[in-house]
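Residue numbering for the sequence shown is 1 to 518, as defined by full-length UniProt numbering.
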Amino acid sequence: MKNITFQSLLLRAFKSFGKHPAVTFLKTNETLTYDELSIRIHEAANYLHSLGVQRGTQVVVSIPNSIEYLVFSLGVIKCGATLVPIGEKLGTREVEFILKDTEPKAVLVGTANHVETIFQYVNESNGNNVKALGIPGFGHDYPKEFELYSRVQSQVAKMEEASPDDLAAIFYSGGTTGVPKGIMHSQRTLAETLVANTIENSIDDRDRVFLSTPLPHAAGLFFWRSVLAGAHVFLTDKFDPEVFFYTVQEKRITITYLVPTMLYRLIDLGKKEAFDIHSLRTVHYGAAPIDPKRLKEGFEMFGSILKQHYGQSECPNMITRLSKSDHDWAYHYHPQALKSAGKPCLFAEVRLVDDQGMDVERGEIIVKAPYRSLGYYNRPDLTQEAIRDGWVYTGDIGEMDEHGYLYIVDRKKDMIISGGMNIYSIEVENVVNQHPAVAMCACVGVPHADWGETVCVFAVLREGVLCTKEELIEFCKARTAKYMVPKAVHFKEWLPLTPIGKIDKKELKKVLLETQNV
């Protein structure tokens, strides 16, 4: 696959499936065939090309889940430029950093809460001739300094073909220091990701795929994979359990991708109302740890169609997977495996190493795969730290059982050290989640004058169920080591989430420290 490119793979797929439906945006009920979507992409690419977008330039795309996001992100790819997608939940500080870090040729904006930040950046960067392009259809106005996109039918301009080593995309993720990191992927690595993903996950032109997670993240990969197969994607701009069940029932959805919090909401609604979900054949989930107790409930609701993915943007969704048959076996014969992230993917080598790089039973998870990222944009120091001898150091601590299942113990930087003892937050969370009153929880370490850190738990209770802090602490005392028992418990109606659906522990710790509630 030396000469393969992400650009050529995707554009070739559009020619193959012509009149077949490509995407339906459920909010507007607009449906485009592959031919119609291809025309829209050509028009967008021509427009971008007229602004100077070409190979070697970078384009920031701040557009919510919509057909417009698909059109313009693929328009950037068609131009051979570098796509820099940013999620609508990112704050001003993160957006400012990404704009200054990438110095884009153009910024495409449809996300209302990013307009002012982008306007200020463009004003400050006049010398760089940055183009700001407002995308209509999102119910808000743009500053007069923005160019407003309008569709113009034109001959398809000859675009320069991308090279396998060209920078195809930069995906920004939260940095442990609070500064976003730009994860670079070439045309080759993204193409290899799609090929490997298609081999790992059966999909074809008969499938109907429901997506509601943000397209700049994992959902984007699932859309691209669906395009390669000629599937019909049903897209929403936000997740709603009732809309999900209704769409599955009425549109006969066969495949979906969820984060655990979405799965929990489906389970809770499914206990109250009956829906016909027999058309579903695969429910993919990932992006955050899942409570094994809720996963068991999910299996009982959906059956043997669940499939978990563990990955990072550095190795997109393709480090390990807990297959449908793994779920089935674990549920009936080996429940412990429901706590695992599954076994290594076909093209991934996985090791557990200590700080000296020696193989150990419990250590940092490192992975080698053909689709690993090139490193971090403008950060050779972080690249050197994270990628060594072709191995990606994930920052996750794991262990593997005798059956070959990988268990993620904690983020290396989330480990709590209390009185010299190493405490893995996920182990505390697993105990707390066993309490019948707890719907979800998060464990963080907070500073302590004597112990260095102590264990603090935030918990969301199930609807209509009561539990006191003292009761939960006593529950933990009976089930885990004394040093792992929470010293403080805070009940919340909800827990803050990152843009990709993970519990935002950084925000929880920040709130604790600001309120001095430790």
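Don't be surprised by glycine CBs; every beta carbon is placed ideally from N, CA and C. All values reported here derive from a predicted model rather than from experimental measurement.
Quick one: residues in its chain with C-beta nearer than 6 Å to the C-beta of G445, no 5 flanking neighbours on either side, listed in chain order?
-> The residues are I416, E453.
>> With a threshold of 7 Å on Cβ separation, who are the neighbours of L497 within its own chain once the five nearest residues in sequence on each side are excluded?
In response: Excluding sequence neighbours, L497 sits near T261, I503, D504.
| Among V392, A287, K238, V209, which residue has its Cα nearest to the Cα of T24? | The option with the nearest alpha carbon to T24 is V209.
E124, buried or exposed, once every other Cβ within 10 Å from all chains shown has been counted against 16:
Burial is judged here by how many other beta carbons sit within 10 angstroms of a residue's own beta carbon; E124 has fewer than 16 and is exposed.
Original post:
For M440, which three-state DSSP category applies?
Top reply: It is a strand residue.
Given a cut-off of 7 Å on the beta-carbon distance, is the pair V457 and C441 in contact? A contact, by the Cβ cut-off of 7 Å.
Notebook entry, point to check: When burial is assigned at 16 or more other CB atoms within 10 Å of the CB, is K482 buried or exposed?
Noted result: Classification of K482: exposed, given that the 10 Å Cβ count is below 16.
**Q.** Complete beta strand (DSSP E) runs within the segment 379-450 (minimum length 3 residues, chain order)
**A.** The segment 379-450 contains these whole beta strand (DSSP E) runs: 391-400, 406-411, 416-418, 421-423, 438-448.
> Straight-line CA distance for V115 to D389?
Replying inline: Annotation: V115 to D389 spans about 42 Å, alpha carbon to alpha carbon.
Problem set entry | Beta-carbon gap between N197 and R151 smaller than 7 Å | Not in contact: N197 and R151 (Cβ atoms no closer than 7 Å).
* Whole angstroms is fine: what's the gap from D291's alpha carbon to G420's? => In this structure, the CA atom of D291 is about 28 Å from the CA atom of G420.
Report yes if the CB atom of S186 is closer than 7 Å to the CB atom of A168, and no otherwise.
In contact: S186 and A168 (Cβ atoms closer than 7 Å).
| query | Can you tell me where the alpha helix (DSSP H) with T223 in it begins and where it stops? | reply | Residue identity differs from the one stated: residue 223 is Phe in this sequence, not Thr. Where F223 is concerned, the enclosing alpha helix (DSSP H) stretches over 218-229.
Which same chain residues end up closer than 6 Å to H217 when comparing Cβ atoms and leaving out the 5 residues on each side of it in sequence? Excluding sequence neighbours, H217 sits near I500.
As assigned by DSSP and simplified to three states, the class of D359:
Of the three classes helix, strand and coil, the one that applies to D359 here is strand, per DSSP.
Problem - Reduced DSSP category for L190 - H, G, I as helix; E, B as strand; rest coil - result: Of the three classes helix, strand and coil, the one that applies to L190 here is helix, per DSSP.
Report yes if the CB atom of K27 is closer than 7 Å to the CB atom of D237, and no otherwise. The answer is yes: Cβ separation under 7 Å.
Under the three-state reduction of DSSP, which class applies to A44: helix, strand or coil?
When DSSP states are grouped into helix, strand and coil, A44 belongs to the helix group.
Cα-Cα, which of D240, L194, R93, L352 is closest to P316?
-> Answer by Cα proximity: L194.
- State buried or exposed for R12, treating a residue as buried only when at least 16 other CB atoms are found within 10 Å of its CB. Exposed: under 16 other Cβ atoms inside 10 Å.
*Apart from the five residues just before and just after I426, which ones in its own chain have a Cβ nearer than 8 Å to its Cβ?*
Within the same chain, I426 has close Cβ partners P289, I408, V409, D410, C443.
Status (buried if at least 16 other CB within 10 Å, exposed otherwise) for M184 | Buried, because 16 or more other Cβ atoms sit within 10 Å of the Cβ of M184.
Exercise for review: Sort P380, T480, P143, W329 by Cα distance to Y424 and report the nearest one.
Suggested key: Nearest C-alpha to Y424 among P380, T480, P143, W329: T480.
Whose C-beta lies closer than 6 Å to the C-beta of L37 among residues of the same chain, with five residues either side of it excluded? For L37, where only same-chain residues beyond five positions count, the Cβ hits under 6 Å are A22.
task: Leaving aside the five residues before and after K19 along the sequence, list all residues of the same chain whose C-beta is less than 8 Å from its C-beta, in chain order.
output: So the qualifying residues of the chain are T33, Y34, D35.
> CA-CA distance, S325 and H309?
Replying inline: Rounded to whole angstroms, S325 to H309 spans 14 Å at the Cα level.
**Request:** Work out the CA separation of V60 and L48 for me, nearest whole Å.
**Result:** Each residue's alpha carbon lies about 12 Å from the other.
Residue from A112, M159, G286, V130 with nearest C-alpha to Y142
Distances from the alpha-carbon of Y142 to those of A112, M159, G286, V130 put A112 closest.
Look up Q312 in the DSSP assignment and give the residues it is bridged to.
DSSP, once it has assigned bridges, lists C315 as partnering Q312.
Among L263, P436, N65, E145, nearest to I118 - alpha-carbon criterion:
With distances taken between CA atoms, I118 lies nearest to E145 out of L263, P436, N65, E145.
message = I need the DSSP call for G270, collapsed to helix, strand or coil.
response = The three-state reading of DSSP puts G270 in helix, counting H, G and I together.
Fill in: C-beta atoms of A44 and F72 nearer than 7 Å
Pairing A44 with F72 gives a Cβ-Cβ distance under 7 Å.
Could you tell me the alpha carbon to alpha carbon distance between R321 and N128, rounded to whole angstroms? About 44 Å.
Next on the checklist: At the level of alpha carbons, what is the spacing between I473 and L338?
Outcome noted: Straight-line Cα distance between these residues: approximately 25 Å.
(message) Whole angstroms are fine: how far does the CA of D165 sit from the CA of T57?
(response) Our two residues, T57 and D165, have alpha carbons roughly 14 Å apart in a direct line.
Y371 to W391 span [Cα, whole Å]: Computed Cα separation, rounded: 11 Å.
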